[in-house]
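Novice: Heads up, the sequence shown is in the numbering used here, so the first residue is 158 and it goes up one at a time.
We treat Cβ as the ideally placed atom computed from N, Cα and C, and that holds for glycine.
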Amino acid sequence: MRIALVIKGLVLSAGGAERFACNLIRGLNARGHRITVFCHEWDDEAEKLDPRFVAVPRPRGMRHPWSQFSRNVWAAIRAQNESYDIVFGLTQLCPQDVHRLGGGVYDYWYRRKYGRWFPLHTLLPRVGGALRFERRMYAPGGVRQVITISNLDRELLLRAYDVPPERVQTVYNGFDHKDFFPGDRASARSILCDTLRIDPRTTVVLFAANNHVRKGLPQAVEALLRTPDPRRFSLVVIGKSNRHVARRLKARIGTAFNAVWLDRVHNPADYYRGSDVFLFPTQYDSFANVIGESLCCGLPVITTRQAGGAEMVIDGTNGFVVRDYTAVGEMAARAALFASRDMAAGFSRRAPEIVTSYTIDRCARETEAVLVKAYEEKQRRNG
Numbered sequence: 158m159r160i161a162l163v164i165k166g167l168v169l170s171a172g173g174a175e176r177f178a179c180n181l182i183r184g185l186n187a188r189g190h191r192i193t194v195f196c197h198e199w200d201d202e203a204e205k206l207d208p209r210f211v212a213v214p215r216p217r218g219m220r221h222p223w224s225q226f227s228r229n230v231w232a233a234i235r236a237q238n239e240s241y242d243i244v245f246g247l248t249q250l251c252p253q254d255v256h257r258l259g260g261g262v263y264d265y266w267y268r269r270k271y272g273r274w275f276p277l278h279t280l281l282p283r284v285g286g287a288l289r290f291e292r293r294m295y296a297p298g299g300v301r302q303v304i305t306i307s308n309l310d311r312e313l314l315l316r317a318y319d320v321p322p323e324r325v326q327t328v329y330n331g332f333d334h335k336d337f338f339p340g341d342r343a344s345a346r347s348i349l350c351d352t353l354r355i356d357p358r359t360t361v362v363l364f365a366a367n368n369h370v371r372k373g374l375p376q377a378v379e380a381l382l383r384t385p386d387p388r389r390f391s392l393v394v395i396g397k398s399n400r401h402v403a404r405r406l407k408a409r410i411g412t413a414f415n416a417v418w419l420d421r422v423h424n425p426a427d428y429y430r431g432s433d434v435f436l437f438p439t440q441y442d443s444f445a446n447v448i449g450e451s452l453c454c455g456l457p458v459i460t461t462r463q464a465g466g467a468e469m470v471i472d473g474t475n476g477f478v479v480r481d482y483t484a485v486g487e488m489a490a491r492a493a494l495f496a497s498r499d500m501a502a503g504f505s506r507r508a509p510e511i512v513t514s515y516t517i518d519r520c521a522r523e524t525e526a527v528l529v530k531a532y533e534e535k536q537r538r539n540g
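1. Nearest by alpha-carbon distance to Ile306: which of Asp442, Ala366 and Arg383 is it?
2. In chain order, what residues of the same chain lie with their CB nearer than 7 Å to the CB of Arg507, ignoring the 5 residues before and after it?
3. Tell me whether Cys179 sits in a helix, a strand or coil according to DSSP, three-state version.
4. Compute the Euclidean distance between the alpha carbons of Arg301 and Gly218, then round it to the nearest angstrom.
5. List the residues that DSSP assigns as beta-bridge partners of Gly166.
6. Please give the ranges of any beta strand (DSSP E) in the stretch 383-455, keeping only runs that are unbroken, at least 3 residues long and fully inside the region.
7. What does the alpha-carbon distance come out to for the pair Phe364 and Gly396?
8. Considering only residues of the stretch 268-298, which uninterrupted alpha helix (DSSP H) runs meet the minimum length of 4 residues and lie entirely inside it, listed in chain order?
9. Once DSSP output is grouped into helix, strand and coil, what is the label at Gln583?
10. Please state whether DSSP places Leu247 in a helix, a strand or coil.
11. Given a threshold of 16 other Cβ atoms within 10 Å of its Cβ, counted over all protein chains shown, does Asp207 qualify as buried or as exposed?
12. So Asp518 and Gly286 are supposed to be a Cβ contact under 8 Å. How far apart are they, rounded?
13. Sorted by chain position, which residues of the same chain lie with C-beta nearer than 6 Å to Ala366's C-beta, five sequence neighbours on each side aside?
14. Assess, as a yes-or-no matter, whether the stretch 430-444 is touched by the stretch 330-349 under the definition of 3 or more beta carbon pairs within less than 8 Å.
15. Please go through the same chain and pick out, in chain order, the residues whose beta-carbon is closer than 8 Å to the beta-carbon of Tyr263, but skip the five residues on each side of it.
16. Please report how far the alpha carbon of Glu175 lies from the alpha carbon of Pro276, in whole angstroms.
17. Thinking C-alpha only, which one of Thr384, Val393 and Leu382 is nearest Asp356?
18. What's the C-alpha gap between Asn399 and Leu406?
19. Does the distance from the CB of Thr439 to the CB of Thr460 come in under 8 Å?
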């Protein structure tokens with residue numbers, strides 16, 4: 158099929174969603190599909206996948222950015238000298254044939270984020286505009302098929318909008334096991350400690366995300382501070398940070414434990430392999446590729462029930478799942494277990510077991526089945 162794949166950006170260092178998109182393109186290419194990517198920007202690594210790229214102007218003006226982005230995408234599609242069998246959105250887009258719900262259900266997220274103040278926040282253009290666009294996207298005619306990337310999001314979507322259940326399929330993300338694998342974790346740990354000047358006697362706790370507040374970094378810090386002896390831990394933070402949040406958290410940590418702050422990195426697998434536990438107390442995440450990538454590398458995970466990727470975590474086997482991001486005491490108790498190197502090693506050995514079947518090929522195959530279903534429906538409708 159000729160597939161118009163829509164995403165805002167395809168810069169691999171930006172995060173797990175971009176790495177997933179590249180893996181999906183690779184998998185669909187291998188299955189004989191011709192991909193044209195419509196996005197704002199891409200990097201040299203993305204170009205190596207050899208799809209055709211079409212630049213989409215960034216949103217400007219008074220419209221909500223999702224609405225303007227959709228207008229720009231469709232203008233770019235119509236300007237091409239070819240037609241597409243399927244328009245496949247990996248981001249908010251309306252209309253589209255197939256939507257991969259990777260950014261979460263905003264109706265749920267805003268209600269959770271703002272609590273009793275939710276009705277007032279809907280009056281804000283950014284919030285109200287997003288909710289109106291989301292309602293339009295899931296209304297009849299907005300999308301033919303929806304791919305959710307966790308059962309969590311499938312349930313949230315069906316609860317929030319009147320989408321026929323048969324039009325919503327869960328397809329878990331796949332991982333490149335050539336890049337993400339346990340390898341020699343002891344050697345990777347030694348190199349990481351030397352490079353970052355971490356005392357190797359401490360437990361190396363990794364946090365990786367670009368939105369530190371939503372993904373729970375403040376709660377991760379509080380959890381480590383509540384452990385019996387915080388000095389036994391070293392926290393490594395990777396991802397683009399808000400300098401005000403970072404400054405506040407650095408002051409909160411003080412000299413209680415060692416913390417290393419890094420920006421985006423091009424080799425996340427080295428950090429997964431070199432750490433002892435991945436602490437990710439997110440407020441809400443559709444899937445969180447970082448959870449799966451960690452497990453692939455033998456890194457046990459502590460996360461919340463509000464992470465779709467928690468569906469890969471077997472509590473007490475390859476990590477722990479706590480009630481939610483406010484359960485700081487529970488997180489602290491779980492993190493304290495990893496102060497024992499033997500305990501950490503046992504979790505690490507079991508970490509990759511459940512994710513061995515989460516491959517790029519499986520994800521591409523199951524995604525292809527949904528794309529074909531939408532294409533066949535489209536053909537029937539068009540007579």
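Specialist: Walking through what the data contain:
1. In the sequence shown, the residue the question calls residue 306 occupies position 149. When each option's Cα is compared against that of Ile306, the closest is Asp442.
2. As a first step, residue 507 must be located in the sequence shown, where it is residue number 350. Within the same chain, Arg507 has close Cβ partners Thr474 and Asn475.
3. Translated into positions along the sequence shown, residue 179 becomes position 22. The answer is helix: DSSP assigns Cys179 an H, G or I state.
4. The residue labelled residue 301 in the question sits at position 144 within the sequence shown. The residue labelled residue 218 in the question sits at position 61 within the sequence shown. For Arg301 and Gly218, the distance between alpha carbons rounds to 29 Å.
5. If you number the sequence shown from 1, residue 166 lands on position 9. Beta-bridge pairing links Gly166 to Glu198.
6. 390-395, 415-418 and 434-437
7. Within the sequence shown, numbered from 1, the residue matching residue 364 stands at position 207. Within the sequence shown, numbered from 1, the residue matching residue 396 stands at position 239. Each residue's alpha carbon lies about 9 Å from the other.
8. 275-278 and 282-295
9. With the chain represented from 158 up to 540, any question about residue 583 goes unanswered, as that position is not in the structure.
10. Counting from one through the sequence shown, the residue named residue 247 turns up at place 90. If DSSP states are grouped into helix, strand and coil, Leu247 belongs with coil.
11. Here residue 207 refers to the residue found at position 50 of the sequence shown. With fewer than 16 Cβ atoms within 10 Å of its Cβ, Asp207 is classed as exposed.
12. Locating residue 518 in the sequence shown gives position 361, where the first residue counts as 1. Locating residue 286 in the sequence shown gives position 129, where the first residue counts as 1. Contact flag wrong, Cβ pair sits at about 38 Å.
13. Mapped onto the sequence shown, residue 366 falls at position 209. If we look at Ala366 and ignore the five residues flanking it on each side, its Cβ neighbours are Lys372 and Gly396.
14. yes
15. Numbered from its first residue, the sequence shown carries residue 263 at position 106. Closer than 8 Å at the Cβ level, and outside the excluded window around Tyr263, lie Ala287, Leu288 and Glu291.
16. On the sequence shown, position 18 is the one that residue 175 refers to. On the sequence shown, position 119 is the one that residue 276 refers to. When rounded, the distance between both Cα atoms is 33 Å.
17. Taking the sequence shown and counting its residues from 1, one reaches residue 356 at position 199. Nearest option by C-alpha distance: Val393.
18. Here the question's residue 399 lines up with position 242 in the sequence shown. Here the question's residue 406 lines up with position 249 in the sequence shown. The alpha-carbon atoms of Asn399 and Leu406 are separated by roughly 11 Å.
19. By one-based count along the sequence shown, residue 439 stands at place 282. By one-based count along the sequence shown, residue 460 stands at place 303. Against a cut-off of 8 Å, the Cβ pair of Thr460 and Thr439 comes out as a contact.
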